[in-house]
Amino acid sequence: MNNKLFFFAVAILLSCTSSWATNYYVHPELGREDNTGTNLLYPFQSLAQLQDLDLSPGDSILLAAGYTFPGTIVLQSVKGTENAPIVISSYTVGNALEDPRARIDARGQANGILLIDAGHIVVRDLIIEADGGGPLADSDMRCGVLVRPQTPGDYRNISLHHLDIRNVFYEDPGISRGKDEVRTANGSQSYGWGIRFINRTEGAELSEIRVTDCMVEHVAHTGIKFTGRDKSIRRIRLYNNRVLRTGGPGIQMSGVVDGHIKNNYVSHSGSPDDSRKWGRGSGLWTWGSSEIIIERNHFLNANGPGDSAGCHIDFNCNNVIVQYNFSANNAGGFCEILGNNYNCAYRYNISVNDGHRVKGKEGAFQEGKIFWLSGYQGNKNPRKGPFNSYFYNNTIYVNQDIVAKIAVDKAASGILIANNIFYIAGASQAVLGDQYRPEKEGASSITHVNFTNNLYLSPGNWPEKVLIQDTAPKIGNPGFHHAGGLNITDYIPANTAIIDRQGIPIQPLTNDTIGLYIGLQPETDILGNPNGDRPDLGAIAVH
Numbered sequence: 044m045n046n047k048l049f050f051f052a053v054a055i056l057l058s059c060t061s062s063w064a065t066n067y068y069v070h071p072e073l074g075r076e077d078n079t080g081t082n083l084l085y086p087f088q089s090l091a092q093l094q095d096l097d098l099s100p101g102d103s104i105l106l107a108a109g110y111t112f113p114g115t116i117v118l119q120s121v122k123g124t125e126n127a128p129i130v131i132s133s134y135t136v137g138n139a140l141e142d143p144r145a146r147i148d149a150r151g152q153a154n155g156i157l158l159i160d161a162g163h164i165v166v167r168d169l170i171i172e173a174d175g176g177g178p179l180a181d182s183d184m185r186c187g188v189l190v191r192p193q194t195p196g197d198y199r200n201i202s203l204h205h206l207d208i209r210n211v212f213y214e215d216p217g218i219s220r221g222k223d224e225v226r227t228a229n230g231s232q233s234y235g236w237g238i239r240f241i242n243r244t245e246g247a248e249l250s251e252i253r254v255t256d257c258m259v260e261h262v263a264h265t266g267i268k269f270t271g272r273d274k275s276i277r278r279i280r281l282y283n284n285r286v287l288r289t290g291g292p293g294i295q296m297s298g299v300v301d302g303h304i305k306n307n308y309v310s311h312s313g314s315p316d317d318s319r320k321w322g323r324g325s326g327l328w329t330w331g332s333s334e335i336i337i338e339r340n341h342f343l344n345a346n347g348p349g350d351s352a353g354c355h356i357d358f359n360c361n362n363v364i365v366q367y368n369f370s371a372n373n374a375g376g377f378c379e380i381l382g383n384n385y386n387c388a389y390r391y392n393i394s395v396n397d398g399h400r401v402k403g404k405e406g407a408f409q410e411g412k413i414f415w416l417s418g419y420q421g422n423k424n425p426r427k428g429p430f431n432s433y434f435y436n437n438t439i440y441v442n443q444d445i446v447a448k449i450a451v452d453k454a455a456s457g458i459l460i461a462n463n464i465f466y467i468a469g470a471s472q473a474v475l476g477d478q479y480r481p482e483k484e485g486a487s488s489i490t491h492v493n494f495t496n497n498l499y500l501s502p503g504n505w506p507e508k509v510l511i512q513d514t515a516p517k518i519g520n521p522g523f524h525h526a527g528g529l530n531i532t533d534y535i536p537a538n539t540a541i542i543d544r545q546g547i548p549i550q551p552l553t554n555d556t557i558g559l560y561i562g563l564q565p566e567t568d569i570l571g572n573p574n575g576d577r578p579d580l581g582a583i584a585v586h
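For the sequence shown, the working numbering gives the first residue as 44, with consecutive numbering after it.
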């Protein structure tokens, strides 16, 4: 490049650097092993030179964009501050690049980036791959990014932004996992993971976590995963991410309090397109978590012989709200709430051809279901709940080639189902819940049910053998703009006379003093239209 232009760019970058913060540059061609790394003209050459740095608040590690860096970056016992975080990113000097990011190749490493006992860290604008490389002596997993506390303390403000994490596998190509591995609860073998936050340390809290505008694609197991001990992960924000072709779930959180998951696009979770993948997983699922809002996401094409819904609420949760999402072509189904869950809801969502899986075909050991309340809370525990489940103003479309299946556990208590549209063009069937310890037939003990005022395409859409029945069903064709389409606007009803202001106000269930922790009356529909003083039917308001 032109020398004058290069030195001018260097001067501009240096002039923007705070006098008390240090930038450490890494360039595989211009760098040397004996450079200080603190000047663009004298960068480090490899990631190995970063391991002994004594980083201070405001410092940055910057990798040359357009280049590949073999190895790993590890920050341990390093903290920035709220106003001066430590940054790991890319830098560009010279001609513009099509993708102005550096690439970390962590093949053979445990992680692309590992943060241990770290806080106030920003990782942004990087590509990370870790495609196998052989077994690891001290780890049974390989991660694009792994964040974990190992000692008691308060670790907060971790931000991951504009990362592209792809091709993360523990094994090299060609392995066979065996037919039974996909039937285990979460997989029992070694896998590659996209982004993981793990806090199993007593006395440690991990909080204020943001994952934004990231891409996670083609990894062996889960794309973005949180694993907390006794709700030791708090205040997570996942915005505008794309999670594609994961071998396991797209997004999963356990032991999390206060989560907001918004505007994410998750497709082909549970992908079987590589033998190293698990081959099963919902687009998103929660376990042992509280106060989680999951909204305005797309959950598409989940695959697997069990689970694999668009978004499901596993057991031991409370106050999980699933709203304003678009769910389509997910083998396991649409609404799935398991046992020992309290005050959870699906509202103002659209579901298209979910639950198409047929038990006994292609290895499936669970039926797909458009609606499933399950009392399952582990193999060793009796069935219990769920309690105070709210399901209202959803639009469900199932084409004539799919048998729409529904299961309601007799241990459930507190159920509101109202103002929904069930457009089921084919047959419907009541089935038993079929988790690992399947539900058994018997007398129902369901109490506190408000099941009323839902619109059905035909009288048989809700099977007679389901334990609860609509007390005031409506029958009619909403006249969707393009039934079967994959856009939200395809489900705008043309037959407004049977939709407009035909809903009922949603009130708390009998003996429920909580309702939904963010309120029962949302101001808008899935498109942002105001709901007005009386709700319509389905997810889209027409008044």
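By construction, the Cβ of each residue, glycine as well, lies at the ideal position given by its N, Cα and C atoms.
- Per DSSP, the continuous beta strand (DSSP E) segment holding Asp207 begins and ends at Gly196 to Phe212.
- For the segment 53-127, the continuous beta strand (DSSP E) assignments of 3+ residues that do not extend past its boundaries occur at 66-69, 103-107, 111-113 and 116-119, in sequence order.
- Assigned with DSSP and collapsed to three states, Asn431 falls in strand.
- Non-local C-beta neighbours of Asp317 in its own chain, meaning closer than 8 Å and more than five positions away in sequence, comprise Phe212, Pro216, His261, Ala263 and Gly290, ordered along the chain.
- Beyond the five residues adjoining it in sequence on each side, Pro195 comes within less than 8 Å, by CB distance, of Thr244, Glu245, Gly246 and Ala247 in the same chain, given in chain order.
- The segment 156-169 makes contact with the segment 187-194; the number of CB pairs closer than 8 Å reaches 3 or more.
- It is roughly 51 Å from the alpha-carbon of Ile356 to the alpha-carbon of Glu76.
- For Cys186, the uninterrupted beta strand (DSSP E) run begins and ends at Met184 to Arg191, by DSSP.
- Judged by DSSP in its simplified three-state form, Glu507 adopts coil rather than helix or strand.
- Between Gly503 and Ala470, the gap from beta carbon to beta carbon is short of 9 Å.
- With distances taken between CA atoms, Gly353 lies nearest to Asn372 out of Ile335, Ile364, Glu338 and Asn372.
- Taking 9 Å as the cut-off, the beta carbon of Val441 is found closer than this to the beta carbon of Ala447.
- Its Cα nearest to that of Ala526, the residue Ser394 stands out among Val225, Ser394, Leu510 and Ser275.
- Per DSSP, the continuous beta strand (DSSP E) segment holding Glu334 begins and ends at Ser333 to Glu338.
- Taking each of Asp397, Thr556 and His586 in turn and checking the Cα distance to Ala537, the smallest one comes out for His586.
- Thr495 places its beta carbon 9 Å or farther from that of Gly457.
- Its chain contains Phe434 and Phe494 as the residues whose beta carbon lies nearer than 6 Å to that of Ile460, once the 5 sequence neighbours on both sides are disregarded; these appear in chain order.
- Measuring C-alpha to C-alpha distances from Asn462 to each of Arg544, Lys423, Gly476 and Val401 identifies Arg544 as the nearest.
- Cβ atoms of Glu334 and Tyr499 stay farther apart than 8 Å, at about 33 Å.
- Here the alpha carbon of Gln193 sits roughly 57 Å from the alpha carbon of Asn520.
- Checking the DSSP bridge columns, you'll see Thr567 partnered with Pro573.
- With fewer than 16 neighbouring CB atoms inside 10 Å of its own CB, Thr227 falls in the exposed class.
- The segment 389-408 and the segment 357-369 touch, with three or more beta-carbon pairs separated by less than 8 Å.
- Here DSSP, grouped into helix, strand and coil, assigns Glu224 to helix.
- Secondary structure note for Arg277: its beta strand (DSSP E) is the uninterrupted segment Ile276 to Tyr282.
- Taking every protein chain shown into account, the CB of Asp452 has 16 or more other CB atoms within 10 angstroms, so this residue is buried.
- For Tyr560, the three-state secondary structure derived from DSSP is coil.
- By the CB criterion at 9 Å, Asn431 and Asp513 fall outside the cutoff.
- Annotation for Ser501: no beta strand (DSSP E) segment contains it, and DSSP assigns it neither H nor E.
- Distances from the alpha-carbon of Gly398 to those of Asp350, Leu249, Ala107 and Leu416 put Asp350 closest.
- The segment 332-346 and the segment 415-428 do not touch, with fewer than 3 CB-CB distances between them shorter than 8 Å.
- Secondary structure of Ala447 (DSSP, three-state): strand.
- In the structure shown, Ile549 adopts coil according to DSSP, grouped into three states.
- Residue range Cys354 to Ile356 is occupied by the beta strand (DSSP E) that includes Cys354.
- Here Gly80 is buried: its Cβ has 16 or more other Cβ atoms, across all protein chains shown, within 10 Å.
- A residue is called buried when at least 16 other Cβ atoms come within 10 angstroms of its Cβ; Ser133 meets this threshold and is buried.
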